[in-house]
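S.K.:
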Amino acid sequence: MYPQSSIKSLTINDLVEIIGDIPQEENGLHVHLSKNKFKEIPIGYPFRGNSYAFLLVVKGSLKIQLNLLRYTIKNSEIIVINPQTVTHIQEMSKNLEIATISFNVDFILRNSINKNDIDTLDFFTANSIPKLKLSKEDLKTFISVSKILEKNNRLGKNNPYNNEIITHSFNLLMYHYASLLKIQFPNLEANLTRQEKLALRFLKLLNENFKQERTVQFYADILCLTPGYLSKVLKIISKKTASQLIDEAVIMEAKLLLKNQTLSISEVANELQFSDQSFFGKYFKKHTGYSPSKFREIKFKS
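Once you know that position 123 of the sequence shown is 235 in my numbering, the rest is easy, because the numbers rise by one and skip nothing.
1) For Thr305, which three-state DSSP category applies?
2) Considering only the beta carbon of each residue, do Ser258 and Leu145 sit closer than 8 Å?
3) Could you tell me the distance, in whole angstroms, from the CA atom of Ala311 to the CA atom of Ile348?
4) Assuming Asn216 and Ser281 form a contact by the criterion Cβ under 8 Å, report the distance between their Cβ atoms to the nearest whole angstrom.
5) Do Lys323 and Gln385 count as a contact pair if the criterion is CB distance below 8 Å?
6) Using a threshold of 8 Å, state whether the C-beta atoms of Asn265 and Val143 are closer than that.
7) If we count Cβ pairs, one from each stretch, closer than 8 Å, do we get three or more for the segment 180–194 versus the segment 152–159?
8) Pick out whichever of Asp388, Leu208, Phe314, Glu379 has its Cα sitting closest to the Cα of Gln356.
9) What is the rounded straight-line gap between the Cα of Gly401 and the Cα of Met286?
10) Determine the extent of the beta strand (DSSP E) in which Lys175 is found, giving its start and end residues.
11) State the beta-bridge partners of Ile190 as determined by DSSP.
12) Does the distance from the C-beta atom of Lys175 to that of Gln202 stay below 8 Å?
13) Alpha carbon to alpha carbon, how far is Glu383 from Ile377? Give it in angstroms, no decimals.
14) Drop a sphere of 10 angstroms on the beta-carbon of Gln136, count the other beta-carbons inside from all chains shown, and report buried for 16 or more, exposed for fewer.
15) For the candidate residues Lys120, Lys147, Glu138, whose alpha-carbon lies nearest to that of Gly161?
16) Are the beta-carbon atoms of Lys398 and Lys371 separated by less than 8 Å?
17) Under the three-state reduction of DSSP, which class applies to Tyr402: helix, strand or coil?
18) Applying the criterion that 16 or more other CB atoms from any shown protein chain within 10 Å of the CB defines a buried residue, is Leu369 buried or exposed?
19) For Glu138, which option in Val380, Glu262, His288 has the closest C-alpha, if you only look at C-alpha atoms?
20) Let's see if you can read the secondary structure: which residues bound the beta strand (DSSP E) around Gln202?
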């Protein structure tokens, strides 16, 4: 059943509890290795995680929706999910076997060996990065290192050099993934320009504030820029202005909420902090061509 008021935000600890996993170290990292564990979809509603995650399908297949994009992840395929991405698990095979490594920003800052690690992470978690297909050898490597990481993340601080093993195992996985990405998609540029980094900072702020802040001035002030310069940079990087990206974020969230039939249109408007349902309706129709009720009608007919 869907949450009653909004898309639920789940921490790593929330996810661990829901899937019935054994808690590991309280360090912002959790490694989950399953084998034919789930008889049904463990989380049947859309949720927003607060961490990064590697999602590797070892066996079987998994159909998920990330924001408004649908993916089928098959055996030996891996994808990275960014913080604040709305994830909806829609279908899974009976023989599903997965490996997930969830980690938050605090863990990265404490455990990355050097600045290049963080830059690499920024690169491979960009919105345009696709799923990867692993060879048998790469799959074996990823699973083996994941098992080492999971084991040491359970042992705790009493194990000699435990933190060092976790740090190096994690960075090995990260660089292994980045290497495969570079091989399969050689035209993707690994070094972010200043403009690209600014765009990523804007998108992070947007994810955190779009419900209550919809003016370009708000984001420009935080980034110590003029609204005009911010929009100019974003236009170069994304082909869209700051205002367009703000509207896209609001509309995407509105569509996700409208798909939840337990919420009234008035409740959706309130969740997105519009002054009233009428203003929300005009805003939504301006950007989609449909009223909220018409959009909901079309979606549930299809």
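Even for Gly, the Cβ is constructed at its ideal location relative to N, Cα and C.
M.R.: In terms of the structure at hand:
1) Indexing the sequence shown from 1 puts residue 305 at position 193. If DSSP states are grouped into helix, strand and coil, Thr305 belongs with coil.
2) Residue 258 sits at position 146 when you count from the first residue of the sequence shown. Residue 145 sits at position 33 when you count from the first residue of the sequence shown. In this structure, Leu145 lies closer than 8 Å to Ser258 by Cβ.
3) Translated into positions along the sequence shown, residue 311 becomes position 199. Translated into positions along the sequence shown, residue 348 becomes position 236. About 10 Å.
4) If you number the sequence shown from 1, residue 216 lands on position 104. If you number the sequence shown from 1, residue 281 lands on position 169. So it is not a contact: roughly 17 Å between Cβ atoms.
5) Within the sequence shown, residue 385 is the residue found at index 273, counting from 1. Within the sequence shown, residue 323 is the residue found at index 211, counting from 1. Going by C-beta atoms, Gln385 is nearer than 8 Å to Lys323.
6) In the sequence shown, the residue the question calls residue 265 occupies position 153. In the sequence shown, the residue the question calls residue 143 occupies position 31. A contact, by the Cβ cut-off of 8 Å.
7) no
8) Locating residue 356 in the sequence shown gives position 244, counting from the first residue. For Gln356, the nearest C-alpha among the options comes from Phe314.
9) Along the sequence shown, one-based indexing puts residue 401 at 289. Along the sequence shown, one-based indexing puts residue 286 at 174. Near 42 Å, if we compare the C-alpha coordinates of Met286 and Gly401.
10) Translated into the one-based positions of the sequence shown, residue 175 becomes position 63. First-last of the beta strand (DSSP E) with Lys175: 173–178.
11) Taking the first residue of the sequence shown as 1, we reach residue 190 at position 78. In DSSP, Ile190 forms a bridge with Leu168, Leu244.
12) Here residue 175 corresponds to residue number 63 of the sequence shown, with the count starting at 1. Here residue 202 corresponds to residue number 90 of the sequence shown, with the count starting at 1. Yes.
13) Counting from 1 along the sequence shown, the entry for residue 377 is found at position 265. Counting from 1 along the sequence shown, the entry for residue 383 is found at position 271. Roughly 10 Å between the two C-alpha positions.
14) If you number the sequence shown from 1, residue 136 lands on position 24. Buried, because 16 or more other Cβ atoms sit within 10 Å of the Cβ of Gln136.
15) Here residue 161 refers to the residue found at position 49 of the sequence shown. Residue Lys120 is the option with its Cα nearest to Gly161.
16) On the sequence shown, residue 398 is found 286 positions in, with the first residue counted as 1. On the sequence shown, residue 371 is found 259 positions in, with the first residue counted as 1. Taking 8 Å as the Cβ cut-off, Lys398 and Lys371 do not qualify as a contacting pair.
17) Numbered from 1 along the sequence shown, position 290 holds the residue referred to as residue 402. Coil.
18) Within the sequence shown, the letter at position 257 stands for residue 369. Counting Cβ neighbours within 10 Å, Leu369 comes out buried, since at least 16 surround it.
19) Here residue 138 refers to the residue found at position 26 when the sequence shown is read from its first residue. The option with the nearest alpha carbon to Glu138 is Glu262.
20) Counting from 1 along the sequence shown, the entry for residue 202 is found at position 90. From DSSP, the beta strand (DSSP E) with Gln202 extends over 198–204.
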